[in-house]
Amino acid sequence: MEYRRYYQNGGSYFFTVVTENRRPLLTQHIDRLRNAFRHSMERYPFVIEGIVVLPDHLHTLWRLPDGDDDFSLRWMVIKRKFSAGLKPGIVNASKRAKREKGIWQRRFWEHCIRDERDWRCHLDYIHYNPVKHGYCHKPADWPYSSFHRSVRQGLYTADWSSE
138 MEYRRYYQNG GSYFFTVVTE NRRPLLTQHI DRLRNAFRHS MERYPFVIEG
188 IVVLPDHLHT LWRLPDGDDD FSLRWMVIKR KFSAGLKPGI VNASKRAKRE
238 KGIWQRRFWE HCIRDERDWR CHLDYIHYNP VKHGYCHKPA DWPYSSFHRS
288 VRQGLYTADW SSE
(Lines of atoms letter the chains of each structure in order from A and count residues from 1; the text may use other names and numbers.)
(Lines give C-alpha, C1' and ligand atoms only; values in the text may rest on other atoms or scores of the structure.)
Protein backbone atom coordinates (compact mmCIF):
# COMPACT_ATOMS: atom_id res chain seq x y z
CA MET A 1 0.00 0.00 0.00
CA GLU A 2 1.41 3.39 -0.97
CA TYR A 3 1.63 5.97 1.81
CA ARG A 4 0.09 9.32 0.93
CA ARG A 5 0.42 12.50 2.90
CA TYR A 6 -2.44 14.95 3.27
CA TYR A 7 -1.58 18.54 2.39
CA GLN A 8 -3.72 21.54 3.30
CA ASN A 9 -2.72 25.05 2.28
CA GLY A 10 -2.16 27.19 5.37
CA GLY A 11 -3.03 24.28 7.63
CA SER A 12 -1.87 23.33 11.09
CA TYR A 13 -0.05 20.02 11.46
CA PHE A 14 1.19 17.80 14.27
CA PHE A 15 4.47 15.98 13.60
CA THR A 16 6.52 13.28 15.26
CA VAL A 17 10.13 13.00 14.08
CA VAL A 18 12.50 10.31 15.40
CA THR A 19 16.25 9.76 15.26
CA GLU A 20 17.59 6.63 13.57
CA ASN A 21 17.74 3.73 16.05
CA ARG A 22 16.47 6.19 18.65
CA ARG A 23 19.94 7.67 19.14
CA PRO A 24 19.74 10.27 21.96
CA LEU A 25 21.06 13.17 19.88
CA LEU A 26 18.45 15.89 20.07
CA THR A 27 18.85 17.23 23.59
CA GLN A 28 22.64 16.66 23.45
CA HIS A 29 22.74 18.96 20.43
CA ILE A 30 19.84 21.28 21.27
CA ASP A 31 21.58 24.42 19.97
CA ARG A 32 22.25 22.69 16.65
CA LEU A 33 18.58 21.68 16.47
CA ARG A 34 17.40 25.21 17.30
CA ASN A 35 19.68 26.61 14.59
CA ALA A 36 18.30 24.08 12.08
CA PHE A 37 14.74 25.20 12.88
CA ARG A 38 15.70 28.88 12.57
CA HIS A 39 17.46 28.19 9.27
CA SER A 40 14.34 26.53 7.85
CA MET A 41 11.99 29.21 9.21
CA GLU A 42 14.04 32.00 7.64
CA ARG A 43 13.79 30.39 4.21
CA TYR A 44 10.33 28.84 4.42
CA PRO A 45 8.29 30.58 7.14
CA PHE A 46 6.01 28.71 9.50
CA VAL A 47 4.82 29.16 13.08
CA ILE A 48 5.70 26.69 15.82
CA GLU A 49 2.57 26.56 17.96
CA GLY A 50 3.96 23.89 20.26
CA ILE A 51 7.06 21.71 20.53
CA VAL A 52 8.78 19.26 22.83
CA VAL A 53 12.23 17.84 22.22
CA LEU A 54 13.18 14.56 23.89
CA PRO A 55 16.58 12.86 23.51
CA ASP A 56 15.51 10.65 20.58
CA HIS A 57 12.38 12.25 19.12
CA LEU A 58 10.34 15.40 18.99
CA HIS A 59 6.71 16.38 18.62
CA THR A 60 5.67 19.70 17.20
CA LEU A 61 2.59 21.60 16.06
CA TRP A 62 3.08 23.95 13.10
CA ARG A 63 0.91 26.45 11.27
CA LEU A 64 1.89 27.05 7.66
CA PRO A 65 1.29 30.33 5.80
CA ASP A 66 -1.83 30.71 3.67
CA GLY A 67 -1.32 29.17 0.24
CA ASP A 68 1.55 26.95 1.44
CA ASP A 69 1.44 23.24 2.22
CA ASP A 70 5.07 22.16 1.80
CA PHE A 71 5.98 20.88 5.24
CA SER A 72 8.16 18.14 3.70
CA LEU A 73 10.58 20.73 2.32
CA ARG A 74 10.86 22.34 5.74
CA TRP A 75 11.64 18.99 7.38
CA MET A 76 14.25 18.23 4.74
CA VAL A 77 16.00 21.54 5.51
CA ILE A 78 15.83 20.98 9.28
CA LYS A 79 17.14 17.42 9.08
CA ARG A 80 20.00 18.32 6.74
CA LYS A 81 21.08 21.36 8.74
CA PHE A 82 21.00 19.43 12.03
CA SER A 83 22.90 16.46 10.55
CA ALA A 84 25.70 18.50 8.97
CA GLY A 85 28.86 17.88 10.97
CA LEU A 86 27.44 15.16 13.23
CA LYS A 87 29.11 11.77 13.36
CA PRO A 88 27.12 9.44 11.09
CA GLY A 89 25.21 6.49 12.43
CA ILE A 90 25.34 3.03 10.89
CA VAL A 91 24.58 3.56 7.21
CA ASN A 92 23.48 0.74 4.92
CA ALA A 93 23.88 0.77 1.13
CA SER A 94 20.41 2.21 0.56
CA LYS A 95 21.07 5.16 2.88
CA ARG A 96 24.53 5.68 1.40
CA ALA A 97 23.04 5.84 -2.10
CA LYS A 98 20.67 8.58 -0.92
CA ARG A 99 23.51 10.41 0.88
CA GLU A 100 21.86 9.88 4.26
CA LYS A 101 23.96 9.91 7.41
CA GLY A 102 21.88 7.61 9.59
CA ILE A 103 20.87 10.44 11.93
CA TRP A 104 17.11 10.47 11.28
CA GLN A 105 14.47 7.89 10.52
CA ARG A 106 13.49 8.39 6.89
CA ARG A 107 9.90 9.28 7.39
CA PHE A 108 7.98 11.28 9.93
CA TRP A 109 4.45 11.11 11.25
CA GLU A 110 2.15 13.96 10.34
CA HIS A 111 -1.46 14.69 11.22
CA CYS A 112 -3.49 17.55 9.76
CA ILE A 113 -5.29 19.36 12.59
CA ARG A 114 -9.05 19.34 11.98
CA ASP A 115 -10.42 21.78 14.54
CA GLU A 116 -9.75 23.63 17.80
CA ARG A 117 -10.37 20.54 19.95
CA ASP A 118 -7.94 18.47 17.85
CA TRP A 119 -5.37 21.28 18.12
CA ARG A 120 -5.70 21.43 21.92
CA CYS A 121 -5.48 17.63 22.32
CA HIS A 122 -2.23 17.60 20.34
CA LEU A 123 -0.81 20.56 22.25
CA ASP A 124 -1.60 18.75 25.53
CA TYR A 125 0.07 15.60 24.17
CA ILE A 126 3.19 17.59 23.27
CA HIS A 127 3.49 19.18 26.68
CA TYR A 128 2.80 16.01 28.66
CA ASN A 129 5.19 13.85 26.62
CA PRO A 130 8.33 14.23 28.80
CA VAL A 131 6.26 13.18 31.83
CA LYS A 132 4.88 10.19 29.90
CA HIS A 133 8.43 9.06 29.07
CA GLY A 134 9.67 9.53 32.65
CA TYR A 135 12.01 12.47 32.05
CA CYS A 136 10.27 14.67 34.62
CA HIS A 137 7.33 14.71 37.04
CA LYS A 138 5.46 17.66 35.54
CA PRO A 139 5.63 19.52 32.21
CA ALA A 140 7.05 22.67 33.84
CA ASP A 141 10.19 20.70 34.78
CA TRP A 142 11.20 19.92 31.18
CA PRO A 143 13.40 22.63 29.63
CA TYR A 144 13.03 21.57 25.97
CA SER A 145 9.38 22.44 25.53
CA SER A 146 7.08 25.26 24.54
CA PHE A 147 5.11 24.64 27.74
CA HIS A 148 6.69 27.66 29.45
CA ARG A 149 5.68 29.94 26.56
CA SER A 150 2.15 28.50 26.66
CA VAL A 151 1.94 29.30 30.39
CA ARG A 152 2.98 32.92 29.65
CA GLN A 153 0.27 33.04 26.96
CA GLY A 154 -2.33 31.90 29.48
CA LEU A 155 -3.03 28.54 27.80
CA TYR A 156 -1.93 26.58 30.89
CA THR A 157 -1.27 27.14 34.55
CA ALA A 158 2.30 26.45 35.68
CA ASP A 159 1.15 23.37 37.64
CA TRP A 160 -0.87 21.86 34.73
CA SER A 161 -0.74 18.14 34.13
CA SER A 162 -2.97 16.07 31.87
CA GLU A 163 -3.52 13.42 34.57
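First residue of the sequence shown: 138, per this note's numbering; consecutive thereafter. For glycine and all other residues, C-beta sits at the position ideal for the given N, C-alpha and C.
Check: Hey, could you find the ends of the beta strand (DSSP E) residue 151 is sitting in?; Outcome: 149–155
Check: For residue 212 and residue 265, what's the separation of their Cα atoms in angstroms?; Outcome: 23 Å
Check: Pick out whichever of 201, 174 and 219 has its Cα sitting closest to the Cα of residue 166.; Outcome: 219
Check: Can you give me the start and stop residues for the alpha helix (DSSP H) that residue 166 sits inside?; Outcome: Residue 166 -> no alpha helix (DSSP H), and no H or E assigned at all.
Check: May I ask you to verify whether the stretch 177–195 touches the stretch 262–282, counting CB pairs closer than 8 Å and requiring at least 3?; Outcome: yes
Check: Between residue 196 and residue 263, is the Cβ-Cβ spacing less than 8 Å?; Outcome: yes
Check: I'd like to confirm the pairing. Which residues does DSSP put opposite residue 187 in its beta bridges?; Outcome: 198
Check: Please find out if some non-hydrogen atom of the ligand HEM comes closer than 7 Å to the beta-carbon of residue 153.; Outcome: This structure lacks the ligand HEM, and indeed carries no ligand of any kind.
Check: Near residue 242, what residues of its chain come up, given a Cβ to Cβ distance below 6 Å and the 5 sequence neighbours on each side ignored?; Outcome: 155 and 157
Check: Using alpha carbons as the reference points, say which of 208, 253, 217 and 147 lies closest to residue 246.; Outcome: 208
Check: If you reduce the DSSP assignment to three classes, tell me which class residue 287 lands in.; Outcome: helix
Check: So, for residue 275: in the same chain, excluding its five sequence neighbours on each side, which residues have a beta-carbon less than 6 Å away from its beta-carbon?; Outcome: 298
Check: Distance, Cα to Cα, residue 271 vs residue 184?; Outcome: 28 Å
Check: Applying the criterion that 16 or more other CB atoms from any shown protein chain within 10 Å of the CB defines a buried residue, is residue 221 buried or exposed?; Outcome: exposed
Check: So, helix, strand or coil for residue 256, using DSSP?; Outcome: helix
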